[in-house]
Amino acid sequence: MNEVMRQHVFGFNIAAEFIRKQLGCVPDCAVVLGSGLAPLAEGEAIKVIDYADIPAFRQSTAPGHSGKLVLKEIGGKKVLLMKGRLHCYEGYDVLDTVLPIRAFAKLGIKKLILTNAAGGINLDFAEGALMMITDHLGFNAPPVLWGANVEELGPRFPDMTFAYSRDMMEKAREAAKEQGVRLCEGVYAYTKGAQYETPAEIRMYKLLGADAVGMSTVPEVIAARHAGMETLAISCITNMAAGITGKELTHQEVLDTANRVMGDFIKLVTAVIEKL
Ligand code: HPA
1 MNEVMRQHVF
11 GFNIAAEFIR
21 KQLGCVPDCA
31 VVLGSGLAPL
41 AEGEAIKVID
51 YADIPAFRQS
61 TAPGHSGKLV
71 LKEIGGKKVL
81 LMKGRLHCYE
91 GYDVLDTVLP
101 IRAFAKLGIK
111 KLILTNAAGG
121 INLDFAEGAL
131 MMITDHLGFN
141 APPVLWGANV
151 EELGPRFPDM
161 TFAYSRDMME
171 KAREAAKEQG
181 VRLCEGVYAY
191 TKGAQYETPA
201 EIRMYKLLGA
211 DAVGMSTVPE
221 VIAARHAGME
231 TLAISCITNM
241 AAGITGKELT
251 HQEVLDTANR
261 VMGDFIKLVT
271 AVIEKL
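Residue numbering for the sequence shown follows my numbering, beginning at 1 and increasing consecutively.
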């Protein structure tokens, strides 16, 4: 194992130990909040930890990502919310972006819900749709598992057939039905960012079978699956992808749409957590 990997392994282990001491419990599930989706972490918290205080954690710099772990009771469960995701486009090494996920796994958290803002490619979707990710195109993502395998987490060649938990997906379908929330389903393609895609790139992703596109989630899913966590991922389609409507894309539109569908998003995620 090289020095970078040794530091990384040391990092997620001490981060896990620090978080364990601060929380005094093992949360039932962790939720990573995407752009504009932070309001799920609002309200009464059991505990708030600043990333700045957690050994080895990087600071989130993306707008709307504040850099706090929030332990809250949601749907009768203890839920650890990651308010502030780390992206490679912030200049971080992919290992730094997945360090929190690996720390959660070491902490003993078995279930992970990832959320994100994404551009819609599938023409059946509209701005504001919620899409459960059933699979992904990750060829563009930086390699999470290159280098010496971290044996204490998982195998050298982890399966990705069931990267998205069938059981959690079924629970999300039931929760959506019960709550009267429309939940679309589709394939998410990873793009590096930070620029949005070109219309030609979007046509390529569409040809390859993508329904939505975004700059996160895939590295975290790979790290979670490697570590044996069960994962559910939900995209908020904040805009139709480049070239589809002919409009320019802006981050403000992403935040505005996420804000508009926040009610449904919170209802859905809360109902899913209740079922876990
Ligand atoms: N492309 C990539 N990432 C995104 C988009 C998009 O259109 N919308 C929100 N995140």
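We put the CB at the ideal spot given by N, CA and C, even for glycine.
Given the structure is predicted, the values throughout are model-derived calculations rather than measurements.
The continuous stretches of beta strand (DSSP E) do not include I46, and DSSP gives it neither H nor E. Rounded to the nearest angstrom, the gap between the Cα atoms of T257 and N2 is 44 Å. Out of A52, K247, A15 and D264, the CA that lies nearest to the CA of I234 is found in D264. Annotated three-state conformation of A194 is coil, per DSSP.
The Cβ atoms of I46 and L232 lie no closer than 9 Å to each other.
Set against 8 Å, the gap from the CB of E248 to the closest heavy atom of ligand 1 is not smaller. Annotation: K247 is outside any beta strand (DSSP E) and is labelled neither H nor E by DSSP. In the structure shown, V187 falls within a strand segment according to DSSP collapsed to helix, strand and coil.
A direct Cα-Cα distance of roughly 9 Å separates T191 from L137.
Assigned with DSSP and collapsed to three states, E73 falls in strand. For V48, same chain residues with a beta-carbon under 8 Å away, outside a window of 5 residues either side, are K68, L69, V70 and L71 in chain order.
Those residues that bring their Cβ nearer than 6 Å to a heavy atom of ligand 1 are A117, A118, G119, T191, Y196, E197, V213, G214, M215, T238, N239, A241, L249 and V254. Judged by beta-carbon spacing, R225 lies beyond the 9 Å limit of P142, meaning their Cβ atoms are not closer than that value. The continuous beta strand (DSSP E) containing G120 extends over residues K111 to G120. DSSP places L207 inside the alpha helix (DSSP H), whose first and last residues are P199 to L207.
In this structure, the CA atom of L183 is about 18 Å from the CA atom of T217. Just so you know, the alpha carbons of Y89 and E152 end up roughly 28 Å apart. Pairwise C-beta distances place the segment 164 to 179 out of contact with the segment 80 to 99, as fewer than three of them are shorter than 8 Å.
Residue environment: L37 is assigned as buried (16 or more neighbouring CB atoms within 10 Å of its CB, all protein chains considered). Collapsing the DSSP output to three states places E151 in coil.
If you compare the alpha carbons of A129, V221, A212 and K177 with that of T161, the shortest gap goes to V221. Using a Cβ distance threshold of 9 Å, G75 and V272 count as a contacting pair. The DSSP-derived three-state label of V144 is coil. DSSP places L33 inside the beta strand (DSSP E), whose first and last residues are C29 to L33. Residue range M262 to K275 is occupied by the alpha helix (DSSP H) that includes I266.
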